[in-house]
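Peer 1:
Numbering (this note's numbering), first residue to last: 39 to 320.
Below is the structure:
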């Protein structure tokens, strides 16, 4: 069927005006982009993805939500593209339809590529998270004996050898937990004894300072009286005052943990007590 031609009179012969470019303020666009980024960051900070926008490093406990991937449905090719156009409008519409079909096909390919990339990224992130968890476990428990399966080969889980390894590993875990609890109790007892010793040291220093002040007061009074006796040319028979015995420091409590060299608090207190003893001797 021949294509019907549209009369020339139906077309508008008026030439449309040339569009003028609108000036874009780059400062305003940058500010609006920064505001959008700040708004999105603030919204993410109130969700389960807050660790992503935090300044703190990520830990193995953080897990990204799984991506819900939907399959791309393929439709049957449309018969509308096989229609023979009879008018100019039908030709234009058919060309637009073919262009839309090509764009839809391109979009489907892009979505499939993005889904494949998302799956690979999720597998990569999970692998990194497992490696980070293993490293954190190593740093937390440096004395761990190792994995039950080290060579990666299949093991008979009900076999005697593997069962013995499981029993030893379980026993090691129990012993480590008991040792940790014992060390915790000993540290607590050491801290209590050290705090008590510090309070006793404060009382001892205050008492020694009071005795020294009293001694200096008596000594100054004795010197004044002796000077008056010299002026009066009389014999001064009062003996000079002597500093009595000062309170000696009590022995510092030592750590109850084997191989423990003591905390920094113990070292500081020890230095203070030694300097105080030297001043008392003077």
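For every residue, glycine included, the Cβ atom is placed at its ideal position computed from N, Cα and C.
Any contact between the region 107-115 and the region 71-82? By contact I mean 3 or more CB pairs, one from each, below 8 Å.
Peer 2: The region 107-115 vs the region 71-82: no contact.
Peer 1: Tell me the rounded alpha-carbon separation between residue 82 and residue 91.
Peer 2: Rounded to the nearest angstrom, the two C-alpha atoms are 7 Å apart.
Peer 1: Output yes or no for whether 8 Å exceeds the beta carbon distance between residue 243 and residue 279.
Peer 2: In this structure, residue 279 does not lie closer than 8 Å to residue 243 by Cβ.
Peer 1: Can you give the Cα-Cα distance for residue 142 and residue 114, rounded to whole angstroms?
Peer 2: Looking at the two C-alpha atoms, the distance is approximately 13 Å.
Peer 1: Got a sec, what are the start and stop residues for the alpha helix (DSSP H) residue 247 sits in?
Peer 2: Run containing residue 247: 198-269, per the alpha helix (DSSP H) assignment.
Peer 1: Would you grab the beta carbon distance between residue 135 and residue 119 for me? Rounded to a whole angstrom, and I think it's under 8 Å.
Peer 2: Right, the Cβ-Cβ distance comes to about 7 Å (below 8 Å), so this counts as a contact.
Peer 1: Is the region 220-228 touching the region 257-271 in the sense that three or more CB pairs, one from each, lie closer than 8 Å?
Peer 2: With the cut-off at 8 Å, the region 257-271 and the region 220-228 do not touch.
Peer 1: Could you tell me the distance, in whole angstroms, from the CA atom of residue 144 to the CA atom of residue 158?
Peer 2: Looking at the two C-alpha atoms, the distance is approximately 21 Å.
Peer 1: If we count the other Cβ atoms within 10 Å of its Cβ and call it buried at 16 or more, is residue 197 buried or exposed?
Peer 2: With fewer than 16 Cβ atoms within 10 Å of its Cβ, residue 197 is classed as exposed.
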